[in-house]
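**Q** For the record, in the sequence shown the residue sitting at position 46 is 77 according to my numbering, with numbers rising by one throughout.
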Amino acid sequence: MKNVIRVNNLHKIFTMGEVKVNALRGVDLEINYGEFLAVMGSSGSGKSTLMNLLGCLDQPTDGSYFLDDVDTSKLAKNDFADIRNQKIGFVFQGFNLLPRTNALDNVELPLLYDRHNRIQNSHESALQALETVGLSDRIHHEPNQLSGGQQQRVAIARALVNNPAIILADEPTGNLDSRTSIEVFEVFQALNDSGITIILVTHERDFAKFAKRIVEMKDGVIIKDYLVKDRLFASDLKNNHSDQDDL
Ligand SMILES: Nc1ncnc2c1ncn2[C@@H]1O[C@H](COP(=O)(O)OP(=O)(O)OP(=O)(O)O)[C@@H](O)[C@H]1O
Ligand SMILES: [Mg+2]
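1) Evaluate Ile254 with the Cβ neighbour count: other Cβ atoms within 10 Å of its Cβ, from every protein chain shown; 16 or more gives buried, anything less gives exposed.
2) Quick one: what does DSSP say Leu268 is sitting in, helix, strand or coil?
3) Just to confirm, are Ala242 and Phe67 a CB contact at a threshold of 8 Å?
4) Taking only the alpha-carbon atoms, compute the straight-line gap between Val218 and Ile227 and give it to the nearest angstrom.
5) Under a three-way DSSP split, which group does Leu106 fall into?
6) Tell me where the beta strand (DSSP E) around Phe67 begins and ends.
7) Which residues in the same chain as Leu106 place their Cβ atom closer than 7 Å to its Cβ, once the five residues preceding and following it in sequence are excluded?
8) Can the beta-carbon of Asn193 be found closer than 8 Å to that of Asn116?
9) Anyone know if the C-beta pair for Leu207 and Gln176 falls short of 8 Å?
10) Is it buried or exposed, Val50, if we count other Cβ atoms within 10 angstroms and call 16 or more buried?
11) Cβ of Phe97 within 8 Å of Cβ of Arg37?
12) Listed by chain order, which residues have C-beta atoms less than 7 Å from any heavy atom of ligand 2?
13) Within the present structure, is the beta-carbon of Ala239 separated from the nearest heavy atom of ligand 1 by less than 7 Å?
14) Return the chain-ordered list of same chain residues with a C-beta closer than 7 Å to the C-beta of Lys78, the five sequence neighbours on each side being excluded.
15) Would you decide whether Gly125 is buried or exposed? Buried here means 16 or more other CB atoms lie within 10 Å of its CB.
16) Does the Cβ of Arg169 have 16 or more other Cβ atoms within 10 Å, making it buried, or fewer, making it exposed?
17) Measure the Cβ-Cβ separation of Val215 and Gly180 and say whether it is below 8 Å.
18) Closest to Leu143 by CA distance: which of Ser153, Leu135 and Ala134 is it?
19) Which same chain residues, not among the five before or five after Phe238, have their C-beta less than 7 Å away from its C-beta?
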């Protein structure tokens with residue numbers, strides 16, 4: 032299978048005045064199309080730093096990052112931004128939706144920023160993305176009129192609307208209870224089944240089992256990388272989940 036992501040000896044040093052923080056100290060990682068990867072590791076181990084580099088939100092201090100066989104370090108600033116807009120969708124822990132802006136407009140927004148206008152019918156595309164996450168009946172609701180899980184699904188629809196090859200999600204269920212988290216994982220698993228590569232950070236070992244592969248980080252390097260044997264399926268769990276269950 033072809034790599035969508037190939038990272039070699041990735042280093043990231045943050046300099047704050049006199050102090051240098053070695054956030055990544057030589058990460059090697061290959062991810063194929065269609066994978067569903069969970070990144071785990073204690074606080075400060077470099078998970079978000081890695082996600083920001085994979086998402087072309089930041090550049091490494093050293094090492095190489097090939098995205099779809101493109102060496103991202105060789106890209107001019109505009110091309111770097113374009114590759115991010117075209118290939119990657121982001122989902123954040125805090126949803127990051129615009130307040131006082133309904134779900135439909137929140138989802139449509141990234142298309143209005145696309146300087147290449149790759150997607151012509153932005154309104155239709157936004158409706159379609161909201162349908163994919165099961166929110167066709169909430170398109171005119173503003174964020175404060177939606178539950179946490181619904182807000183996160185709007186954020187997933189927004190990440191989807193550009194037709195990305197990859198979705199990157201940094202603790203997407205960090206603000207949600209376990210029942211709602213399972214609903215969100217159901218959406219991620221369905222998207223992965225449709226071919227989208229998913230990389231997500233989670234602190235919960237149980238939630239990592241919704242993925243197909245787990246990478247564990249410590250002190251800026253990957254210390255473990257293995258396939259999930261006893262994978263969980265959110266659609267099964269949802270049906271027999273009760274509030275008393277841990278998961
Ligand atoms: N912009 C920054 N400037 C300076 N130091 C930073 C910056 N971002 C991260 N760091 C440092 O880099 C290290 C890795 O941070 P990172 O945010 O990647 O950890 P994390 O694994 O995502 O942790 P958490 O689970 O708490 O989110 C930490 O020591 C952090 O303090
Ligand atoms: Mg983090």
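Where a beta carbon is used, it is the ideal one built from N, C-alpha and C, also for glycine. In this text, all values refer to a predicted model and were calculated from it rather than measured experimentally.
**A** On the basis of the coordinates in this document:
1) exposed
2) helix
3) yes
4) 12 Å
5) coil
6) Phe67 to Gly72
7) Ile114
8) yes
9) no
10) exposed
11) yes
12) Lys78, Ser79, Asp201, Glu202 and Val232
13) no
14) Val70, Gly72, Val232 and Met248
15) exposed
16) buried
17) yes
18) Ser153
19) Thr204, Ser212 and Phe216
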